[in-house]
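To start, the structure under review is shown below, and the notes come after it.
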């Protein structure tokens, strides 16, 4: 077999061409990796908010918290269901919450351009049920007041939502931002958390909650809990594991992003592949005598074929590595976009999982293999006589 | 025979290389046209909106409702011709939970007054008016679900739980493409009679048809001022402004589409530039001979740029030629039918096609600038030097 | 040192006086030609011979106006070339010099007659006039019937004849040939040399030819030998 160093040196001799072709492949791999990373980031952000041992209860058939409404008396029934963990005082660990979406001016956009922010009316239990949430600035709101917290993802990005500022939930119903919280990169970070009563009266949800979230004694207790909550025909409720719920919420958006990413990448990949083919055809033509000599020396057609395929693949891998490397820089960026299932604007990050990066690299290599195959075939057909032609 | 003519004929030298490069330019142009059409289609929904229609919603959130009597008050305002109200019902098809379409509770008569684009036969209109459980269904939706006039349809409510029974009284078509053809409209009374307490007598938004399109700004302000001191305040804007703000929420996606179209152009530029550079390198001696017989450096540059322009032109033309059937027949039809509210129109605009072609030519030439300069700046004797 | 002899009223069409040409390869200085004196008469057929690196190609380039001397005077067809700009020299070449190179002469995408027309594009002649002159030139070289053929349809010898047609289409005084028979077999080479001889005797063209081929050198009336940048006697 022809040693790889022959291919590497040949690539280095025609530096500009190699760089240009590798550059094209780098761009394609970058785009693919970026789209896949964003899709994974969407899933990660949305699922991050869930715990395996939390269950969320919604009105049957509502699909998400925004469309669901449950009467307040029902909340205590749910909290009394089997499988719900008790806290140190013996009270059930759970909370009913009111969820609504408001429109607020985005500071970085044109005036008049509003985005949807999710406002969650919470009880004092919220931190016990969601211990992953921590304050990073300011303090917790005093109970029963019109003070609120905003998540790290939206703090400072929207009108009136910085520490110490006020904004109106409805006319003459201002709330003051007294603290900022972080929540492990989950979608909670794109929410406003206000007192449940304030939320109820501001949004006309007196006597209602949107959802009930409970901590289970263990993840395995879900079935028992679900059975009790779902069977009562009168209540019309359904229970889900919190992680399952968030996974469903993320599906649409994640699919959209990765779908778009694939469409774009396929188009760009065709272009880059044709570019690689062009380069390799030119290289084969230029090295006709060289190849003829190799054949005359006794290297088989297959050896020539695989040598050129290898060369094309190495070229593509170089581009792929650059593309993947550049895409890693994206992991410092955040994208704020609308989650299609909840109408809420959430900020997502780019999640570089190893599998995804390797997959993008492989896609790059495949471009090289497919692009280089036909030229390699042509090279393999070179007859040894070419070595002696002038 | 002219210098430019010779430059263009040069692309015939290596048929394979030219074919591959033309393919790259064609793909890039096609993709550019597709992306631009996506953006255009999305944003055009706002341009095609009726200028004589304004929408009023709750100031704080579109999720919150307004009292129905607000509609009656809005009708009193001078300049307002007709008023309709509607609520988002949010029902689902029990047979397929993922099947998404809009269900809207409204007053049939005033809806058709305000939405003059919605058309149906007089018999179907009358049947709908008379049947409390009747529904007016968009033709695209009826086709997708296999519904015919007279069919009984049962949907599961999500916001308003339970099973809701409807009869397809009529099927509507639209006179313009920016109005949705996939909505199920039914009687607001049918929904309201089952509601109690705070949920009763509420509407999601109010639409008004105004007599003078130019007055939409003034009337909108007047409406909001009227309710400004009440507990439940409104925000009113023209349908065009509403669609614009809706679009803004997707700004990240639009920006991403923009970035991607630039990336594609970069890729194309790299590949075309590379092809031209390869060709130039191989023809150094030939250029030397041309210089020897008296051609100037600028002629050599014209040669290279002319060839690049030809590649851009022909590749771009192929891309446009492929673009029309691809976008219009393939992608366009699928999107218009299945996502008609987001992409009411998905056709290649002549302006976009022309822009794509122009870009292909300009970018191909831009990619050739460096190789052209390099070729032109070579000294005659260096160019003539025999290689190998 | 060759001296010019005025036989029968012929004048010097090419005159080099104390011509030197130096090249720099990085920091390395190469004195290819040093203090060269040489004259050629109009209507003469001159060959330049010598081993590789002797400077014969450099000398040819100077005579043809492709390059300028580092020092000294270079007068060709009555024009002092040593101080001329590249742009002016291009115009000079178009008017006075016809070129025949060893390879890469013809554009593969043009037919024979179109290749011959090429220099006339610079003269801005109308298309009909260009075509007429090109056909005439092809007739002189005996290839008028092949005028619509592409180079790939011609043999090596025929390609060189088309090249010669192109070289004379502008009616230049001097024809410069760099190894014109280098790529050809014996038969074709003879054809070319016959043609060059005909141009010299019948049309009074001055021919300056660089060659390795002794048979080619024999056709010339004067043969200069160069060695290490100087003319050997």
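Residue numbers (the working numbering), protein chains in the order written: chain A, 756 to 1145; chain B, 54 to 441; chain C, 6 to 238.
Quick reminder that beta carbons are idealized off the backbone N, C-alpha and C, glycines included.
query                                                                                                                                                                                             : result
Establish whether the CB of residue 333 (chain B) and some CB of chain C are separated by less than 8 Å.                                                                                          : no
I need the DSSP call for residue 78 (chain C), collapsed to helix, strand or coil.                                                                                                                : strand
Over the uninterrupted alpha helix (DSSP H) stretch that includes residue 1041 (chain A), give me the two end residues.                                                                           : 997-1041
For residue 705 (chain A) and residue 945 (chain A), I'd like the C-alpha separation in whole angstroms.                                                                                          : Since the first and last residues shown for chain A are 756 and 1145, residue 705 (chain A) lies out of range.
Within 10 angstroms of its Cβ, does residue 1057 (chain A) collect 16 or more other Cβ (buried), or is it exposed?                                                                                : exposed
Using only the alpha-carbon positions, how far apart do residue 284 (chain B) and residue 112 (chain B) sit?                                                                                      : 11 Å
Below 7 Å CB to CB, which residues in the same chain sit around residue 12 (chain C) once its five sequence neighbours on both sides are set aside?                                               : Reliability of the predicted coordinates at residue 12 (chain C) is poor, the pLDDT of 44 falling under 50, and no value is obtained from them.
Would you say residue 768 (chain A) faces chain B, with C-beta separation under 8 Å as the test?                                                                                                  : no
Quick one, are the C-beta atoms of residue 156 (chain B) and residue 142 (chain B) less than 8 Å apart?                                                                                           : yes
Check whether the region 102-117 of chain B touches the region 265-279 of chain B, taking contact to mean three or more Cβ pairs, one atom from each stretch, closer than 8 Å.                    : yes
Whole angstroms are fine: how far does the CA of residue 426 (chain B) sit from the CA of residue 401 (chain B)?                                                                                  : 37 Å
Is the Cβ of residue 206 (chain B) closer than 8 Å to any Cβ of chain A?                                                                                                                          : no
Under the rule that 16 or more other beta-carbon atoms within 10 Å means buried, what is residue 255 (chain B), buried or exposed?                                                                : buried
If you draw a straight line from the alpha carbon of residue 989 (chain A) to that of residue 829 (chain A), how long is it in whole angstroms?                                                   : 10 Å
Under 8 Å, do residue 938 (chain A) and residue 797 (chain A) count as touching if we go by C-beta distance?                                                                                      : no
Could you compute how far the alpha carbon of residue 921 (chain A) sits from the alpha carbon of residue 931 (chain A)?                                                                          : 4 Å
Mind checking whether residue 992 (chain A) and residue 777 (chain A) have CB atoms under 8 Å apart?                                                                                              : no
For a contact meaning CB atoms closer than 9 Å, what does residue 284 (chain B) contact in chain A?                                                                                               : 925, 926, 927
Along chain B, in chain order, which residues have C-beta atoms closer than 9 Å to that of residue 114 (chain C)?                                                                                 : 59, 62, 63, 64, 65, 66
Leaving out the 5 sequence neighbours to the left and right, which residues in its chain are closer than 8 Å to residue 16 (chain C) when beta-carbon positions are compared?                     : 46, 47
So, is the C-beta of residue 368 (chain B) closer than 8 Å to a C-beta in chain C?                                                                                                                : no
Taking residue 909 (chain A) as part of the alpha helix (DSSP H), name the residues at either end of that continuous run.                                                                         : Here residue 909 (chain A) belongs to no alpha helix (DSSP H), and DSSP marks it neither H nor E.
Pick helix, strand or coil for residue 1127 (chain A), following the three-state DSSP scheme.                                                                                                     : helix
What does residue 155 (chain C) touch in chain B if you count any residue whose Cβ is under 8 Å from its own?                                                                                     : Those within 8 Å of residue 155 (chain C) in chain B number zero; the least Cβ separation is about 10 Å.
Would you say residue 1033 (chain A) lies against chain B (beta-carbon separation less than 8 Å)?                                                                                                 : yes
Is residue 141 (chain B) helix, strand or coil by DSSP?                                                                                                                                           : strand
Taking the CB atoms as reference points, tell me whether residue 719 (chain A) and residue 899 (chain A) lie closer together than 8 Å.                                                            : Past the edges of chain A, shown from 756 to 1145, lies residue 719 (chain A), and the structure says nothing about it.
In the structure shown, what three-state DSSP assignment does residue 441 (chain B) receive?                                                                                                      : Here the model assigns residue 441 (chain B) a pLDDT of 34, short of 50, so the residue's position is not dependable and the matter cannot be decided.
Could you run through the region 807-838 of chain A and flag, in chain order, every residue whose CB is less than 7 Å away from some CB of chain B?                                               : 814, 815, 816, 817, 818, 821, 822
Is there a C-beta anywhere in chain A that falls below 8 Å from the one on residue 328 (chain B)?                                                                                                 : yes
How would you call residue 889 (chain A), buried or exposed, if buried means at least 16 neighbouring beta carbons within 10 angstroms?                                                           : exposed
Three-state secondary structure (DSSP) at residue 283 (chain B)?                                                                                                                                  : coil
Within this structure, are the beta carbons of residue 250 (chain B) and residue 222 (chain B) separated by less than 8 Å?                                                                        : no
In whole angstroms, give me the CA-to-CA distance for residue 835 (chain A) and residue 973 (chain A).                                                                                            : 16 Å
For residue 183 (chain C), is the classification buried or exposed, using 16 other Cβ atoms within 10 angstroms of its Cβ as the cut-off for buried?                                              : buried
Could you name the residues of the same chain whose beta carbon sits closer than 7 Å to that of residue 5 (chain C), not counting the 5 residues immediately before and after it, in chain order? : In the structure as shown, chain C starts at 6 and stops at 238, and residue 5 (chain C) therefore has no counterpart that could be examined.
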